[in-house]
Structure formats: C-alpha cells, structure tokens
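Chains A and B are the protein sequences, given in the same order.
Residue numbering for the first sequence follows numbering that gives the first Met the number 0, beginning at 0 and increasing consecutively.
Residue numbering for the second sequence follows numbering that gives the first Met the number 0, beginning at 0 and increasing consecutively.
Reviewing the structure listed below.
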Amino acid sequence: MKFDNYMILDFPSKSANEAFARSAVACFAAQLDPTLEELGDIRTAVSEAVTNCIVHAYPEKLGNITLRCRILKDNVLDIVVKDKGIGIPDIDQARRPSYTTGGADRSGMGFTIMESFMSDLEVTSAAGKGTTVHMRRRIQRRQ
Amino acid sequence: MHFTSFLEEGRLTVALTGEIDHHCAKEYIRSIAAKIEAYTPDVCILDFQEVSFVDSSGIAVVINALRNMAQIEGKLLLTGLSPQPLRVFRASGIDKIVEIREAVS
Numbered sequence: 000m001k002f003d004n005y006m007i008l009d010f011p012s013k014s015a016n017e018a019f020a021r022s023a024v025a026c027f028a029a030q031l032d033p034t035l036e037e038l039g040d041i042r043t044a045v046s047e048a049v050t051n052c053i054v055h056a057y058p059e060k061l062g063n064i065t066l067r068c069r070i071l072k073d074n075v076l077d078i079v080v081k082d083k084g085i086g087i088p089d090i091d092q093a094r095r096p097s098y099t100t101g102g103a104d105r106s107g108m109g110f111t112i113m114e115s116f117m118s119d120l121e122v123t124s125a126a127g128k129g130t131t132v133h134m135r136r137r138i139q140r141r142q
Numbered sequence: 000m001h002f003t004s005f006l007e008e009g010r011l012t013v014a015l016t017g018e019i020d021h022h023c024a025k026e027y028i029r030s031i032a033a034k035i036e037a038y039t040p041d042v043c044i045l046d047f048q049e050v051s052f053v054d055s056s057g058i059a060v061v062i063n064a065l066r067n068m069a070q071i072e073g074k075l076l077l078t079g080l081s082p083q084p085l086r087v088f089r090a091s092g093i094d095k096i097v098e099i100r101e102a103v104s
C-alpha cells in the first residue's frame, strides 16, 4: 500500500506511556492539518488501544507495545497498536459496550470509544500470541 | 494527579486537573470516594474546567463517584467540560445518567 510518511514506536507497557503514545501520534498527525476535534478523537482512540495493552494484554508483567502510524493517500491516518500479550478469547464480547474483565476502575467503554471516534476499526487476536488493533481516520481537508 | 476540593453548604466541589487516563484514574477514584465518605454531601460537583483530556478511564471515575453518591442518596453533577471530555462522555452515554451543567452557580 502506498504511504506518504510513517513512524514506528516501541515502548514497554507502563501506564506512564499512555500519555506519551497519544501525544506522539497527535504530533505525527499534525502534518495532516486536523481540527482540534479530529486531533482529540485520535488521541482518545490511541489512549484506549494502548491502555488495553497495558491492562489486558500484559496483566501480570511488562511487555512490548508497538505503535505504527502511516499517512495514506486521501489524508487518511492509519494506526496500528500491537502487543504480544495473552490475546482476547472473544473479540465480539470484548467490543460490547460496558463489558470489561478489568476492575471497578475500568468502564468497559474503550472499544466503543475507538469505534465511534475512528472511521475504521479492526481487531485481530490469537491466544498467547497477542492482539493487533488497526484503526483509520480520514482527516477532512480544510478549505 | 492533583485536585482541590471544598465543601460549602452541603455541596462538595472537586476540581480535577490535567489529563485523566488509566495512569491516574485509580487514584482519583480512591480520593473522590474518601472525600464523599468523609463529608457525606447532598451534592457532589466534579469540576472539569482544568481537565484537558479524558479517555474511558474518566468514565470510570464518574461512574464510581455516581455510585458513592447513590449510596448516601446524594446527587452528582459534572461541570466545566471542554469539548474533548464532553465528546467522550456523550459517546459513552454517560450524559444520560449524570447531569452535565455548563457552570454551577
């Protein structure tokens, strides 16, 4: 697939990296000249995907998270968040609003927010091998 | 995580700050619960004026505060929301179970 630009980040599943990851993607996305609302949506979706890796993929230990962003033609930002954690046994159930295997400090709304804020969302997972969240957001061209 | 709170005529105002994500959510949930338990207010106001970002962890903060207030038959209000937190709360439907006000006088 043709792309105009890309960046790849690797970092450990520490919760301090949630803010780092969403800020890094927002800086990268800035070259598409997004509105504040579009930028807020992208930051939120990235925060959800990275938090899922930290909370669910590596519940007992630190693991690696890979974040890849590309700029595709037609002003599309393509984001992949990948872990090598425990995997999601039932993706449909995980994507259901309010479903969570986390504690009382989790709302179960992560996937719902990613779905509503991004143009496309695809989740693939294999038990013991990890999960990949692939999302895209088209940035409107401003006049 | 940093916040200030004050009690006035049975109304507890908790002014949250910064970015609310999973990294700080647990601490916020615990601290707000402790304030509500200590003061048993009639109304708890979560003030988001100084909050620049929330993700779904912010929803958990609100839901937990709502539960804490329900236990003492009190009311929860949210105020001072900038566009990004408002979008997250609307996408999750939380605006249907908690009253959101532009400003609380």
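Glycine is no exception: its CB is placed at the ideal position from the N, C-alpha and C atoms.
The way I'd put it, the region 43 to 55 of chain A does touch the region 15 to 24 of chain A; three or more beta-carbon pairs between them come closer than 8 Å. Restricting attention to A:Asp73, A:His55, A:Asp91, the CA atom closest to the CA of lysine 81 (chain A) is found in A:His55. The Cβ atoms of threonine 131 (chain A) and valine 122 (chain A) lie closer than 9 Å to each other.
Within the same chain, Gln92, Gly107 come within 7 Å of tyrosine 98 (chain A) by CB-CB distance, once the 5 residues on both sides are set aside. The Cβ atoms of aspartate 119 (chain A) and arginine 86 (chain B) lie no closer than 9 Å to each other. Between glycine 129 (chain A) and lysine 60 (chain A), the C-beta spacing is not below 9 Å. Under the Cβ distance rule, glutamate 47 (chain A) counts among the residues neighbouring chain B, one pair being separated by less than 9 Å. Listed along chain A, the residues sitting closer than 7 Å to serine 55 (chain B) by beta-carbon distance are Glu47, Ser106, Met108, Gly109, Ile112.
About 16 Å separates the beta carbon of threonine 16 (chain B) from that of valine 61 (chain B), a gap too long to meet the 8 Å contact definition. When Cβ-Cβ separations below 9 Å define contact, serine 115 (chain A) makes contact with chain B. Boundaries of the beta strand (DSSP E) harbouring valine 50 (chain B): 42 to 53, taken from the DSSP string. Runs of the alpha helix (DSSP H) lying entirely within the region 3 to 38 of chain B, each at least 4 residues long, are 21 to 38 in chain order. Under the 10 Å beta carbon count, methionine 6 (chain A) is surrounded by fewer than 16 other beta carbons and is classified as exposed.
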